[in-house]
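Here is the structure we will look at.
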Amino acid sequence: MITGELKSQIDKVWEAFWTGGISNPISVIEQFTYLLFIKRLDETQLREERKAALIGGAVSKVIYTDEQKALRWSSFKNMDPESMYAHFTTPVATGLSVFEHMKQVGEVGGVYGQFMAKATFMIPTPRLLDQVVQMIDGINMEDRDTKGDLYEYMLGKIASAGTNGQFRTPRHIIKMMVEMTQPGKEETICDPSAGSAGFLVTAGEYYREHHEDWFLDKDFRDHFNSEMFNGVELDETMARIGAMNLQLHGIENPNLLKNDALSESAGHLVSRYSLILANPPFKGSLDYDAVENSVLKTVKSKKTELLFLGLILRMLQPGGRCAVIVPDGVLFGSSKAHKQIREEIIKNHKLDAVISMPSGVFKPYAGVSTAVLYFTKTGSGGTDNVWFYNMEADGYSLDDKRNEIKDNDIPDLLERWKNVADETDRARTEKSFLVPFDEIKENDWDLSINRYKEIVYEEVEYDAPKDIISQIQDLDAERTAALNTLKELLG
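Going by the numbering used here, the sequence shown opens with residue -14, and the numbers climb by one from there.
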């Protein structure tokens, strides 16, 4: 849990960035991320040097040569602000500055290092650089929870949508989706629109929370650190941020691909993953020639929210599962493409659940109503009964402030989902209920919860008209008597 003191430090640094002229929240986080990475590089070499000293021999992973000592965090952190800034902006060792060395580290720095080529140093003043360096230096970066929470707090300060329609999925919604899927020991998990990697990070935390004993198994640890977590992200800045987020949460070598998941160049991602967790872009539109052909065969559309569903079916292994956020229009849209993708999922695979969420979940970024679809790729059908849940509260106010409140349907949702076999007798007037395949088919594959839920109207009895008229006459007589009395008193 991040402390109030650390939050206060981060708030001060954030304010310093803003007053220093860096007003884009993504840019602030990116500059902060570069410094975290530089510190990690020095810590990695320090561990290798201690290991070499203990067992004898040379350092196996050389990040800094002896001539590059001045570029290391442990060296420049003690400099005065002007000297430190010069080390970042001018060549000081082997023709490199601290920042240029970081950009050239490449694969030695893990997956994050692979996205560094176009990194730009934007911190404007020596004072601000020193302030941020000293704050980061005071953090115990060996504590996975602390550094992970720190980064999550930084990401949480993004108050407006990023480029390309990106916005941050609420972490409690991500956690709900991960809890629904209950990831297993041998999963290969993917987010085809990874962003800051919130879904992958939360899945990793699920294992630490529920299956800590699995980490005693070397095979599981190797799988967890190198093969389990996969993501595709088009925006290079977000790819860097996502890579750092994963590494700070203890996932050392995730597989992140900088690419457009819908394009031909990502066409090799077929039947690879056992679990997909995603919140794909809404309201986007692509030309047909920009989309991989097999996706268009599943759903002929230009809308990204529909194309991503087709993509997910392509990327899942047979038997693979998916929990994905979609705008409400996907559930009931009447176009040929909307009906096509719904029929594909319901008829040819296995749709397990539809979670209707309130429209304020994504405020202040967007007010669109959304739902979570949970389905299994079978290729041979299997949808029997679809479980619907009407979430009316998520633990936060549904306005732009999103303050924490008591009303929260998520615990109830998860409890009912874990015992979904007991849902058969629930009435359609309750928060959750099952709808059979045939009924959905008859309704043109409509998945809107309003199509199936029943509303109980309370009968209100009114007095007979003659009794109402009599009451009005009595009131009128009383008013007239009171008025006459007042006239008499006034003479």
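Cβ coordinates follow ideal geometry from the N, Cα and C atoms, glycine included.
Taking all protein chains in view, the Cβ of residue 77 is crowded by 16 or more other Cβ atoms within 10 Å, so the residue is classified as buried. In this structure residue 417 touches residue 373 by the C-beta definition: roughly 6 Å separates them, less than 8 Å. The criterion of a C-beta distance shorter than 8 Å is satisfied by residue 347 and residue 353. By the criterion of a C-beta distance shorter than 7 Å, residue 110 is surrounded in its chain by 5, once the five residues flanking it on both sides are discounted.
For residue 172, the secondary structure class from DSSP, reduced to helix, strand or coil, is coil.
Contact between the segment 99 to 107 and the segment 212 to 231 is present: 3 or more CB-CB pairs across the two stretches fall below 8 Å. Take the alpha-carbon of residue 359 and the one of residue 447: they are about 46 Å apart. In the structure shown, the three-state DSSP call for residue 225 is helix. Per DSSP, reduced to three states, the secondary structure at residue 215 is strand. The C-beta of residue 200 has fewer than 16 other C-beta atoms within 10 Å across all chains shown, which makes the residue exposed. Shown here, residue 355 sits in a strand according to DSSP, grouped into three states. Burial state of residue 195 is exposed, judged by a 10 Å Cβ sphere holding fewer than 16 other Cβ atoms. The C-beta distance from residue 398 to residue 317 rounds to 21 Å, too long to fall under 8 Å, and the pair is not in contact.
Within the DSSP secondary-structure output, residue 288 pairs in a beta bridge with 270.
Of the residues -10, 449, 310 and 370, the one whose Cα lies closest to the Cα of residue 160 is 310. The three-state reading of DSSP puts residue 167 in coil, since its state is none of H, G, I, E or B. Listed in chain order, the beta strand (DSSP E) elements of length 3 or more contained wholly in the segment 31 to 81 amount to none. The way I'd put it, the segment 251 to 268 does touch the segment 174 to 187; three or more beta-carbon pairs between them come closer than 8 Å.
In this chain, residue 447 is not harboured by any beta strand (DSSP E), its DSSP state being neither H nor E. In this chain, the alpha helix (DSSP H) harbouring residue -6 covers -11 to 4.
In this structure the segment 366 to 382 touches the segment 418 to 427; the number of beta carbon pairs closer than 8 Å is three or more. Of the candidates 301, 211, 114 and 251, 114 places its Cα closest to the Cα of residue 67. Proximity to residue -2 across 459, 117, 474 and 438 peaks at 117, based on C-alpha coordinates.
In the DSSP annotation of this structure, the continuous segment of the beta strand (DSSP E) that includes residue 372 starts and ends at 370 to 375. DSSP lists 355 as the beta-bridge partner residues of residue 342. Rounded to the nearest angstrom, the gap between the Cα atoms of residue 241 and residue 412 is 45 Å. The segment 235 to 253 and the segment 213 to 220 touch, with three or more beta-carbon pairs separated by less than 8 Å.
Separation of residue 364 and residue 185 (C-alpha to C-alpha, rounded to the nearest whole angstrom) is 26 Å. Per the C-alpha coordinates, the member of 60, 434, 349 and 414 positioned closest to residue 384 is 349. According to the DSSP secondary-structure assignment, residue 379 is paired through a beta bridge with 393. A residue is called buried once 16 or more other Cβ atoms fall within 10 Å of its Cβ, and residue 133 is buried on that count. If you draw a straight line from the Cα of residue 330 to the Cα of residue 224, it comes to about 30 Å.
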